[in-house]
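Q: There's a structure below that I have some questions on.
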Amino acid sequence: MDLDRLDLHPRIIAAVKKAKLRSVKEVLHLSGPDLQRLTRLSSPDVRLLLRAAASLLQGHGVCTALHLLRQEGLFPEQHQRLSLGCPVLDALLRGGLPLDGVTELAGRSSAGKTQLALQLCLAVQLPQRHGGLGAGAVYVCTEDAFPSRRLQQLIAQQQRLRADVPADVISKIKFGHQIFIEHAADVDTLLHCVSEKVSVLLARGMARLVVVDSVAAPFRCEFDGAALALRAQRLLALGAELRRLSCAFRSPVLCINQVTEAMEEQDSVAGLPGMSPALGITWANQLLVRLLADRQRPEEAALGPPGRTLRVVFAPHLPPSSCSYAITAEGVRGTPGTLCG
246 MDLDRLDLHP RIIAAVKKAK LRSVKEVLHL SGPDLQRLTR LSSPDVRLLL
296 RAAASLLQGH GVCTALHLLR QEGLFPEQHQ RLSLGCPVLD ALLRGGLPLD
346 GVTELAGRSS AGKTQLALQL CLAVQLPQRH GGLGAGAVYV CTEDAFPSRR
396 LQQLIAQQQR LRADVPADVI SKIKFGHQIF IEHAADVDTL LHCVSEKVSV
446 LLARGMARLV VVDSVAAPFR CEFDGAALAL RAQRLLALGA ELRRLSCAFR
496 SPVLCINQVT EAMEEQDSVA GLPGMSPALG ITWANQLLVR LLADRQRPEE
546 AALGPPGRTL RVVFAPHLPP SSCSYAITAE GVRGTPGTLC G
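Laid out in C-alpha cells, this is it:
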C-alpha cells in the first residue's frame, strides 16, 4: 500500500522513504525501536507513523462473519493455505495449513512428524499457484540434530512427489539454500531465537514457515513439578510470540510435540487411548489446530506392515477427521480412499 496515502507530515513520510521502506506493510513489520534506528525519527514520530499505518490498513466499517463467508472470492488471502504437497493430506486439512496461527503435530516416536515437517519446508518454497508461499522456512531444533541427509533425499525426489508442478519450476528452486536452521537446547535460548532471529527472517521475507521440533523437549528437561507456574508462564510467552509472528507475517507455524501417558481417561485424545500431547492445557490453549500422527505398533498389527494415521483433533474450520498415510522415498503420501470423518 502506498506510503503517500498516510495522513502524516511530509517530513515523516520522507524519512520513511529514505529508509527504503516501500509500503505500509513493511512499516508495520518493524518494531518501534527498529523504525527509529532506520528512519532516525523521534519516538513520538514513530508512534504517529505506526498509528497511521495501522489505521490505513484496518479500514472502516463493520463486516459480519456471514458477509465474509459470502465474499470469500473477494478476500483470497484470508482463505489461503500452505499445501502439504499431497492431495489426500490437503483434502484432510481443506487445502493445507492455515497461515494465521499455530498448528501442532503431536504423535509417538517414528510416526513421521519430522518427515512431514521437512516436506512442508520444501512445499513452502514453491510459488503460490502451486500451493506454496514462494519463500523459505526456519527450522528450530531443540533436541536432535537437523536431519540434513533425509532433507537431501527429499529434495532429489521433489519431481516425483510433486508431479503436479512443472519440472522447470522445481529445477529453478534451490531448496537447500532457503531452509534456515537454528538450535535451541533450553527455554531461554528458544524464546530468544523466536523473538530475535526468527522474527528478522520473517520481516525480511526470507521465510514464510516456522517449524519448532520439538516444543516439549526444553520444557520437559528444565521444569519439575515444583516449577509448574514458571513453566506455564514461559509456555504462554512462547505461544504468544509464535502467534504474533504468524499473524503479523501471515506465516504458518508448525510445532512438533511429543505425547505422554494420560493420567485420566478424559485427558487422552481420540484415536490414541491412554495418551495425550505433552505440555497440558496451557499449551493447548495457544493452538489453532492440533493434529495427531500415530503409527500402529508391529505387535498391534495383525497383518501387513504397521499403518500410520493422521487425525484432526481440533480446529476452528475442520471437523474431527482422519486419513491413512505412508512414508516413502519421495516423502509423506496420504492413502487414497482412507479419508473419513
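Read left to right, the sequence shown gives residues 246 to 586 (our numbering).
Backbone N, C-alpha and C fix where the C-beta goes; we use that ideal spot for every residue, glycine too.
Does the region 534-541 come within contact of the region 475-490, defined as at least 3 CB pairs closer than 8 Å?
A: no
Q: Find out if the Cβ-Cβ distance for the pair residue 560, residue 351 is shorter than 9 Å.
A: no
Q: Given this structure, state the Cα-to-Cα distance separating residue 558 from residue 442, to the nearest angstrom.
A: 31 Å
Q: Applying the 10 Å Cβ sphere with the 16-neighbour rule, what's the burial state of residue 574?
A: exposed
Q: Check whether the Cβ atoms of residue 342 and residue 367 sit closer than 9 Å, and answer yes or no.
A: no
Q: To test your reading of the DSSP string, which unbroken beta strand (DSSP E) runs of 3 or more residues are found completely within the region 331-385?
A: Listed in chain order, the complete beta strand (DSSP E) runs (minimum 3 residues) inside the region 331-385 are 347-352.
Q: Using the Cβ count rule (16 or more neighbours within 10 Å means buried), how would you classify residue 309?
A: Classification for residue 309: exposed.
Q: Let me know if residue 530 comes out buried or exposed under the rule of 16 or more other beta-carbons within 10 Å of its beta-carbon.
A: exposed
Q: What residue range is occupied by the uninterrupted beta strand (DSSP E) comprising residue 454?
A: 452-458
Q: Where does residue 445 land, buried or exposed, given buried means 16+ other C-beta within 10 angstroms?
A: In summary, residue 445 is exposed, with fewer than 16 beta-carbon neighbours lying within 10 Å of its beta-carbon over all protein chains present.
Q: In whole angstroms, what separates the C-alpha of residue 319 from that of residue 465?
A: Any answer about residue 319 is weak, because its pLDDT of 49 lies below 50 and its placement is not dependable; what the coordinates show is given next. Spanning the two alpha carbons is a distance of roughly 45 Å.
Q: Determine the DSSP secondary structure at residue 319, reduced to helix, strand or coil.
A: With a pLDDT of 49 at residue 319, under the threshold of 50, the modelled position of this residue cannot be trusted; read the value that follows with caution. Reduced to three states, the DSSP call for residue 319 is helix.
Q: Which same chain residues, not among the five before or five after residue 440, have their C-beta less than 7 Å away from its C-beta?
A: 486
Q: What's the C-alpha gap between residue 273 and residue 295?
A: Computed Cα separation, rounded: 7 Å.
Q: Go to residue 534, then tell me how far its beta strand (DSSP E) extends in each direction, as first and last residue.
A: Where residue 534 is concerned, the enclosing beta strand (DSSP E) stretches over 534-540.
Q: So residue 554 is in the beta strand (DSSP E); what residue range does that whole segment cover?
A: 553-559
Q: Report the option in 482, 414, 423 and 408 whose CA atom is closest to the CA atom of residue 434.
A: 482
Q: Whose CA, out of 280, 376 and 411, lies closest to the CA of residue 330?
A: 376
Q: Would you mind stating whether residue 425 and residue 357 have Cβ atoms separated by less than 9 Å?
A: no
Q: Taking the alpha carbon of residue 336 as the point to measure from, which residue in 568, 346 and 383 has its own alpha carbon closest?
A: 568
Q: List the whole-angstrom C-beta distance separating residue 344 from residue 497, where the pair is believed to meet the contact cut-off of C-beta under 8 Å.
A: 5 Å
Q: Determine whether the beta carbon atoms of residue 570 and residue 456 lie at a separation below 9 Å.
A: Residue 570 places its beta carbon 9 Å or farther from that of residue 456.
Q: Helix, strand or coil, according to DSSP, for residue 255 in the structure here?
A: helix
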